[in-house]
Structures are given as structure tokens and as C-alpha cells.
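Comments concern the structure below.
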Amino acid sequence: MAAEREAARKRLKVLREELGYHAHRYYVLDQPVIADVEYDRLFRELLELEEKFPELVTDDSPSQRVGGAPLEKFAGVQHRHAMLSLENAFSEAELRDFEERLLRFLKDTARLAYVAEPKMDGLAVELVYENGLFVRGSTRGDGRTGEDITRNLKTIAAIPLRLQGENPPALLEVRGEVFMGSAGFKKMNEERAAAGEPLFANPRNAAAGSLRQLDSRLTARRPLDFYAYGISDPAQLACATQHELLARLGGLGLKVNPLVRFCPVLDEVIAHYRYLLEVRAGLDYEIDGMVVKVNSLALQARLGNKARTPRWAIACKFPASQATTRLLAVDFQVGRTGAVTPVAILAPVAIGGVTVSRATLHNEEEIKRKDLRIGDRVLVQRAGDVIPEIVQPIADLRTGGEKPVAMPSHCPSCGHTLVREEGEAALRCVNAHCPAQRLRSLMHFTGKTGMDIEGLGKKAMAQLFAEKLVEDIPDIFALQAETLAGLDGWARKSAENAVAAIAASRNASLARLLSALGIRHVGEVTAALLEERFQTMERLLAASLEELLTVEGIGEQVAASIRDYFGDPAVQQMLARLRQLGVAPGKTRAADQGPLPLQGAVLLFTGTLVSFSRDEAKEIVKKLGGQVSSSLSRKVTHLVCGDKPGSKLQKAEELGITILDEKGFQQLIS
Ligand code: IVH
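Everything in the sequence shown is counted per the numbering used here, starting at 581 for the first residue and increasing by one.
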């Protein structure tokens, strides 16, 4: 036993190091070097060994990330150095004032360099590392005393449980921001809505609520993330500048925001502010401004602090992403599954540079919970890419003339009686022939998460449906360029392009077609699982319920829904018509050839290409399984630069995107 235990101890040490390394590659650098399944295998091995030898579980074991039994309350933690807040600047002029104050204070310094950092909209925390081991983490609290949230912080994969490198400092108190990404926030709120739970107003509140959970197992399920932006005392790392300090933190395995910029002069600080404003909407997390810090730590020390704020830093706030306006009416929209969603019609108002006139209201519960009434003055917010929403009515401004929102009893599209299914928040129209549902299904089919047919966006589909040219899915594949070209607003060229895109989609992957069909509970992920297992539509159609259940990731509800769908004679007829019209998913490659060469790649083109037209290049990318993006975002994997590439090039470089010239692109596709 002693020998076995010793072997387990050694193996566990290796496993912790390996898992720590891969978690860093995945969560911090976003550059995994092993497949998820391999990671899972190592993790399982660790759990099994720890179960056998519980005395060998260490504080930095990744098994500690799952959370533990709830606490009664959080203990207080005294910060060794106070956690300060920041003064705000609201204009370029105020930023220039800031520099003038600095120069006046320092007298002898002719020129100042800065570091400009995105101001994360989350919660400030302190992480204490002793000899490289994460021992304690806390909230900011009142700046002097915070709450001990160590166990919750351990569940955040981006926070290392042990620092990297041979000689970590004896003590390191890292300061940074815990936040929730917009995509994770959206998904979490959707799940909460589906479960009838109250929604979080914004990612910041969601992050705060998640971090202050007494039950760390709940925190572990929330998509929290972390960026480090400083330390409590520069002496802990012996660096000369803020910029160097951030690089050191990165080297220790901490996550540092890649949009941090060294600015040798104030003008570059201002340029970076404008740049951040521009890319803000495309980021997967919310920033509410930029923090400017004097780069030299020696000068920071000379400048010192005021009572609650440092003299050497300032926050430049972004224009508000909230505004107030009037709730004019509530519209009811019927989705493709028949769910009836209330939509607020607002008096148009500008928020962060965009005019907002509609906002989602989710469901009746939401209207009741917020106590919204027609005619109310309301606080509206727009966050990143998220659909605008009403935060709350301003009840103090009510005149008494406001009217309660009446939910419809009948479908606004087909007049069928609406029902509320057991345990569901949404009202539903259950008429399978409801025109609104059919149109929404068609829009979903051609849309981004469906077949992604260029030229057949929502507007075009609404027109084709109204003209009775497309009444069900197969009709799309019977469309002729001549017919489209004869319609209002269609040029010959756009009609031809749309028909070409339809033709190309005939051989889209099986997964794409499945996700486009809009089978209940079958989204992109499940569709991919089904493709992986069954490869062809014929085999999937023939699969029994039992067979479906053997696919990992498919449970009873999903399997039943798939069987119901394919068991429907109307669906079978539709699929037969699709086949007749030449829709043959995955036909362009043999099923056993493995993934297409550009699977997973998202290309963006800029500048003029010499050997291809843009459309030809796009077509090639799609044929090889890649996607083409029309704007720069974090999803883009390659930027292809032709002649005169323009401003995208610099931004792509800053986002760390692979950049190809025309020759590089030719190599990629060959
Ligand atoms: S530095 C002494 N840097 O903004 C310097 N703060 O009002 C104190 N924040 O509570 C903070 N991103 O949570 C700093 N890159 C960044 C930041 C940042 C977000 C938050 C922080 C703090 C608040 C300051």
C-alpha cells in the first residue's frame, strides 16, 4: 500500500502540473494544445486517484474547482494595502487636465508615458499567492476590509491555483476584475428564463450575484472570467513600469487583457480610447471605459494617493449605454416554435450611438416582475451585442394614466387560442399552420444558425412569403433567378447571387441542415453530434429511439423530439421533396474523409485580391468548410489582405488574428 500510495502521490503531482498547464493554454491563452477528451481523461484519472487516496488532495488540485458545501457567511478579510477606486474623466479635455496636474505635481518631468487599459465592468478582487500557491481571495469591500470568497474564486478556470515558473515571489497580491462574458451571460439568462427563474439585468450584476454565492458549487456553474490589472505593492515583483508588471503577471500564468496598450504620449492614450470605443460593441465582454495609468512605477510612488484614489491613474468613462424613454406599446411576436414574446415599442432614443425603438420583454412574468405599464417612462439599456432591454420603469414619474399590459388570449397571427404549457413561462400558439410560425421557421432555415444562405435574410424571406413564392422549405430550392429579379427591390445581380447561394447550400453539411430544420431541442451542438454519429440523413431517419439514446450528449427529451419530428408524415414528405430538388447534405465529400480543411476557420477579406473576385474567394472558403465574416470580431481566425488593406489590418494584428496575403490565402486553400 505504501508503495502504491507513493506512486499515486508522484502521479498526482504530474497530473496537477499537466492539467494546470492545459487549463492555462485553454482558459488564459485561448490556445489549447490537446483535445477536450484528452483533458477529460487526465482529469478523470486525477479524480480516481484522489478518491482512492483522499489524503493526497492538495489545495491546488483542479478537483478543488468544483466548489464545496455552502458557507454560513463570508469571513472578513483585511487588505494588507487598501484597494483604491479611481477618479473619472468624461472628456478629452479632462484627460489633458489630468496630465497637467501630473506635470505640475512632478515639476521636473518633461514627458510622461502611460499604459491604457480597458476598464472591465465587473467586480474588483484581490488574489493572494504565497510561494506561488493561491491561498486567499477577497472582494474589495469598503477598500480596507473585504469578504473572503476564496472558494468561489477557485471555481474560475482563468484564475491559476498555482503560479507558473520556477521562482514565484514569496507573496503576491494580485488585483483584477472578475466578469462574465456577454455570450455566457446571454446563455445563462436564456436558461433562467426557460426555467422560470428571475433574470439578471446585466453581466455585471450576474457576476456579482455569482461571486457572492455562499454555495460555491453554484458559482462553479456560472461562466465567470478574470483579468489581472495590477498588484497591491510594486515591491512584490520588482518591476520598473506598469507595462512590464502586466507582462510579468502574464508570465506567471495570470490572464491579462490583450487590449492593454503602452502609450509613449498622451495623444496615443486618446487614440486608444477612440479605438476601444470602436471595438467595444464587438467584444465578448463589457467595458465601461478605459483606465490610464502612469507607466513608471517610480513616478507612481512619487505621485502617491489621495484619500481614496491614486493620483497616477484615472478612468475615462464611455458614454452611457443606458437612457430613459417612453414605453409606447407592447407588440406580441410569434416565434418559430409558437412561443409568443412581448416586445416593447419605445419612443426612439439614442443609446451609445445607436437609435433604439424596440426592446425585448422576454415573457409575461418579466412584465409583471418589473411592473411595466404602457405610457411608463422607462430606463433602457443596450449592452454590447445584446438586444436592448428595459431595466425598470421610473415609477416616480407616473401620472396615473399608465395602463397595464394586457396579454393576448389568441394568436396575433392566426387567431388560434394560446396555451401555456405546464412549467413554461411562455404563451404558445399550437396551430402548426400558423403563418407567423411558418415564416419564422423559414427565416431560421435560411438564417445564420441555419443554412446561412446569403441574400435570403429576414426581410427577403418575409417578402417571398408574402408573395407566396416560398411557403415551405422546399420552395426555397425551386426559386429561379428570373422570378426573384422581377420582384420589388431585387436587382438582376442580387437575384443571381441568391440563387447561386441556394445552389451551394444544397450540399451543406448534414449538421447544418439538421440545425436549419428547427427540430425542437436540436441546435447546432446536437446537430453536430447527430452528424458525427449517423453521417447521412437516411441513416438518421432509420435510427430507433434506443439508437439515438446511445449518442453521448443526447438525452430522452431530445431523442423523443427527434423521433416525433421524423415520424411526422408531413416532415417525411417535405424531406422527399428536398431530395427531389437536389438537396443532398454532405454530398460533396465522402462521409469518411473527415472534417473539411477549413472547418472551424472564419475568414475576413480586406483590400483587393488579384487572382480572384471577392465572391469567388468567398465561394471557395465555403466549399472548404470555412465561414466568411463581413466584419472584424474575435470570431475571425484569418484576415486575408489584398491590395490596400485599410484599417482592419492593424486591428486584426492587435486582436492576434492570423494575417495572410494573397499568396498565403492561395496556400491555405490549396
Ligand atoms: S486600477 C488604484 N485597472 O475600476 C487603481 N481598475 O473605480 C485601482 N477596473 O474597482 C484600479 N478595470 O474594479 C484598474 N484595468 C483596470 C480596471 C479597473 C476595471 C475597476 C476596478 C475598480 C474600479 C475603479
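C-beta: ideal position from N, C-alpha, C; glycine also.
- Short note on Pro890: C-beta closer than 7 Å to some heavy atom of the ligand IVH.
- Contact annotation: Lys1203 and Ser1209 have beta-carbon atoms that are not nearer than 8 Å.
- Relative to the ligand IVH, even the nearest heavy atom lies 7 Å or more away from the CB of Gly1236.
- Apart from sequence neighbours up to five positions away, the residues of its chain that approach Cys1014 with a beta-carbon distance below 8 Å are Val914, Gly918, Cys991, Ser993, Cys994, His996, ordered along the chain.
- In the three-state reduction of the DSSP assignment, Ile1239 falls in the strand class.
- As DSSP reads the structure, Tyr807 sits in a beta bridge with Glu757.
- With at least 16 other beta carbons inside 10 angstroms of its own, Lys699 counts as buried.
- Every unbroken stretch of the beta strand (DSSP E) spanning 3 or more residues and falling wholly within the stretch 933-977 is given here in chain order: 934-940, 957-961, 969-973.
- When the alpha-carbon of Glu1034 is set against those of Asp1223, Ala1081, Glu1002, the nearest one is in Ala1081.
- If you compare the alpha carbons of Ala986, Glu1051, Cys1009 with that of Arg1018, the shortest gap goes to Glu1051.
- Excluding its 5 nearest sequence neighbours in each direction, Pro890 has C-beta neighbours in its own chain below 8 Å: Leu664, Leu666, Gln880, Leu883, Gly884, listed in chain order.
- In the structure shown, the three-state DSSP call for Asp868 is strand.
- Between the ligand IVH and Ser1021, a heavy atom-to-CB distance of less than 7 Å is absent.
- Assigned with DSSP and collapsed to three states, His1218 falls in strand.
- In the three-state scheme derived from DSSP, where H, G and I count as helix and E and B as strand, Ser876 is classed as strand.
- Non-local C-beta neighbours of Asp868 in its own chain, meaning closer than 7 Å and more than five positions away in sequence, comprise Lys699, Asp701, Lys897, Phe898, ordered along the chain.
- Pairing Leu1189 with Glu1242, the inter-Cα distance amounts to about 7 Å.
- The continuous beta strand (DSSP E) containing Ile931 extends over residues 919-931.
- Excluding its 5 nearest sequence neighbours in each direction, Leu839 has C-beta neighbours in its own chain below 6 Å: Pro698, listed in chain order.
- DSSP places Glu706 within a strand segment (E or B) once states are collapsed to three.
- Per DSSP, Val1079 lies in no beta strand (DSSP E) segment; the continuous alpha helix (DSSP H) that holds it begins and ends at 1072-1085.
- DSSP places Glu1127 in the helix class (H, G or I) of the three-state scheme.
- Going by beta carbons, Pro1054 and Leu1121 fall outside the 8 Å limit.
- Exposure of Thr935 is indicated by the presence of fewer than 16 other C-beta atoms within 10 angstroms of its C-beta.
- In this structure, Leu877 lies near Gln822, with their beta-carbon atoms less than 8 Å apart.
- The beta carbons of Glu706 and Pro783 sit about 21 Å from each other, so the pair does not count as a contact at 8 Å.
- Between the beta-carbon of Ile954 and that of Leu998 there is about 20 Å, and that puts the pair past the 8 Å contact cut.
- Less than 8 Å divides the Cβ of Thr735 from the Cβ of Arg645.
- The ligand IVH has no heavy atom closer than 7 Å to the beta-carbon of Lys886.
- Rounded to the nearest whole angstrom, the CA to CA distance from Gln1152 to Ala1016 is 22 Å.
- When the five nearest sequence neighbours on each side are left out, no beta carbon in the same chain lies closer than 8 Å to the beta carbon of Glu1196.
- Under the three-pair Cβ rule at 8 Å, the stretch 600-620 does not count as touching the stretch 651-661.
- Restricting attention to alpha helix (DSSP H) runs no shorter than 4 residues, the stretch 1140-1219 encloses them at 1149-1160, 1194-1203, ordered along the chain.
- His990 is bridged by DSSP to Thr997.
- Around the beta carbon of Pro928, fewer than 16 other beta carbons sit within 10 angstroms, so the residue counts as exposed.
- Considering only Ala1005, Gly764, Gln961, the residue with the shortest C-alpha distance to Thr905 is Gln961.
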